[in-house]
Amino acid sequence: MPSHGDLDRQIAQLRDCKYLPEAEVKALCEQAKAILMEEWNVQPVRCPVTVCGDIHGQFYDLIELFRIGGDAPDTNYLFMGDYVDRGYYSVETVSLLVALKVRYRDRITILRGNHESRQITQVYGFYDECLRKYGNANVWKYFTDLFDYLPLTALIENQVFCLHGGLSPSLDTLDNIRSLDRIQEVPHEGPMCDLLWSDPDDRCGWGISPRGAGYTFGQDIAQQFNHTNGLSLISRAHQLVMEGYNWAQLLL
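Read left to right, the sequence shown gives residues 23 to 274 (this note's numbering).
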């Protein structure tokens, strides 16, 4: 296990948007895996905490988030997935978040998004970026193996349920989610897939998702889930809103 000094050096290097050597990434992912193995499918989080949506390799947006919200560990953060793909700096972005998680494990919570997947990252850029920056796919493998250990959801003060995508017709309670086996590649269908892929919809009930994975779910579904589980709010990511955030009656 590296010292805090080693981690601080790595974090400082990553904050300058300079990616780590392959061997250091491998060691960092192994350390993170040991931490994430001890976390839950529904990871408890205490207030105060700043909740963030998709980053998608936009490293300088992540730095701006820290500038506005306060640096770790002075501010607690909960990130709801999709750290990689699309942007030019997926390696630096996910490396920094993982390094911060290892250094400040109780201050940073990182959930899994639908892009934290072997299949998706081979299509949307992270795999190619790793090849370009390292000359091989080893770093891609270290991170995608690590992604299997990320918690699926978080629960802030037993009131605010946080996840990347949305609800599932197979999951009525938080205990249903707690019983899932998450240590695997994101399946093409089923409850784990739904948590990472589903979207809210203006129409009531369950619908077929235009994404080809997960479901759409109406306000009635969200309201029933909140009532069943004693929740006040669902906070989720997965979709772009032009204002940066958007409120619904029971859903953010």
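Where a beta carbon is used, it is the ideal one built from N, C-alpha and C, also for glycine.
Could you spell out where the beta strand (DSSP E) holding P282 opens and where it closes? As displayed, the chain neither begins before 23 nor continues past 274, which places residue 282 out of reach and without an answer.
Which whole-angstrom value describes the C-beta separation of T275 and G229, a residue pair presumed to lie in contact below a C-beta threshold of 8 Å? The first residue shown for the chain is 23 and the last is 274, placing residue 275 beyond what the model contains.
Comparing alpha-carbon positions, which option in D216, Y171, M214 lies nearest G51? The amino acid at residue 51 is misidentified as Gly; the sequence shows Cys. That would be Y171, whose Cα lies nearest to the Cα of C51.
From L118, Y126, R108, G92, pick the residue whose C-alpha is nearest to that of H26; which is it? H26 has its Cα closest to that of Y126, out of L118, Y126, R108, G92.
Identify which residue in V106, S139, P209, P95 has its Cα closest to the Cα of L122. Here the closest residue by C-alpha is P95.
In the DSSP output, which residue or residues are listed as bridge partners for V185? The sequence shown places Leu at residue 185, rather than the Val named in the question. Paired residues: T175, R258.
Under the rule that 16 or more other beta-carbon atoms within 10 Å means buried, what is W6, buried or exposed? Not covered by the structure: residue 6. The range shown for the chain is 23 to 274.
If I measure Cβ to Cβ from K40 and keep anything under 6 Å in the same chain, skipping five residues before and after, which residues do I get? Leaving aside the five residues that flank K40 on each side, none in its chain has a CB nearer than 6 Å to its CB.
Same chain, Cβ closer than 7 Å to E114, five either side skipped, listed in chain order: Apart from the 5 residues on each side of it in sequence, E114 sits with its Cβ closer than 7 Å to the Cβ of L36, C39, Y41, F81 in its chain, given in chain order.
At least 3 beta-carbon pairs within less than 8 Å: the region 146-165 vs the region 46-64: With the cut-off at 8 Å, the region 146-165 and the region 46-64 touch.
Classify I77 as helix, strand or coil using the three-state DSSP reduction. The answer is coil: DSSP assigns I77 none of H, G, I, E or B.
Anticipated Cβ contact below 8 Å, A215 with G188, distance rounded: It should be noted that the sequence gives Cys, not Ala, for residue 215. The distance from the Cβ of C215 to that of G188 is about 11 Å, inconsistent with a contact at the 8 Å cut-off.
For the candidate residues G75, N136, L100, whose alpha-carbon lies nearest to that of M264? Answer by Cα proximity: G75.
Consult DSSP for G229 and reduce its assignment to one of helix, strand or coil. G229 falls in the strand class under three-state DSSP.
Under the three-state DSSP convention, the category D221 falls into: Three-state result, D221: strand.
Hey, G344 and H78: beta-carbon distance below 7 Å or not? The structure shown does not extend to residue 344, since the chain is modelled only from 23 through 274, so no value can be given for it.
Going straight from the alpha carbon of E190 to that of I132, what length do you get? The question names Glu, yet the displayed sequence has Ser at residue 190. Using only the alpha carbons, I get a separation of about 21 Å.
In chain order, what residues of the same chain have a beta carbon less than 7 Å from the beta carbon of L87, not counting five sequence neighbours either side? Taking L87 as the centre and dropping the five residues before and after it, the same chain places the C-beta of C74 closer than 7 Å to its C-beta, in chain order.
Exposed or buried, Q181, counting other C-beta atoms within 10 Å across all chains shown (16 or more means buried)? Answer is exposed; the Cβ neighbour count stays below 16.
Which same chain residues, not among the five before or five after N160, have their C-beta less than 7 Å away from its C-beta? Non-local beta-carbon contacts of N160 in its own chain, meaning distances under 7 Å to residues more than five positions away in sequence, involve E44 in chain order.
Name the two residues that bound the continuous beta strand (DSSP E) containing I199. Counting along the chain, I199 falls outside any beta strand (DSSP E), though it belongs to the alpha helix (DSSP H) covering 196-200.
Which residue from W219, Y146, G157 puts its Cα closest to that of T175? Comparing Cα-Cα distances from T175 to each of W219, Y146, G157, the minimum goes to W219.
Leaving out five residues on either side along the sequence, give the residues of the same chain with a beta carbon under 6 Å from the beta carbon of V67. Around V67: L100, T131, A176, I178.
So, with DSSP's three-state summary, where would you put L84? Here L84 sits in helix by DSSP.
DSSP beta-bridge partners of T72: Y99, per the DSSP bridge assignment.
Quick check: A54 and L185, are their CB atoms within less than 7 Å of each other? In this structure, the beta-carbon distance from A54 to L185 does not fall below 7 Å.
Leaving out five residues on either side along the sequence, give the residues of the same chain with a beta carbon under 6 Å from the beta carbon of Y111. G79, F81, listed in sequence order.
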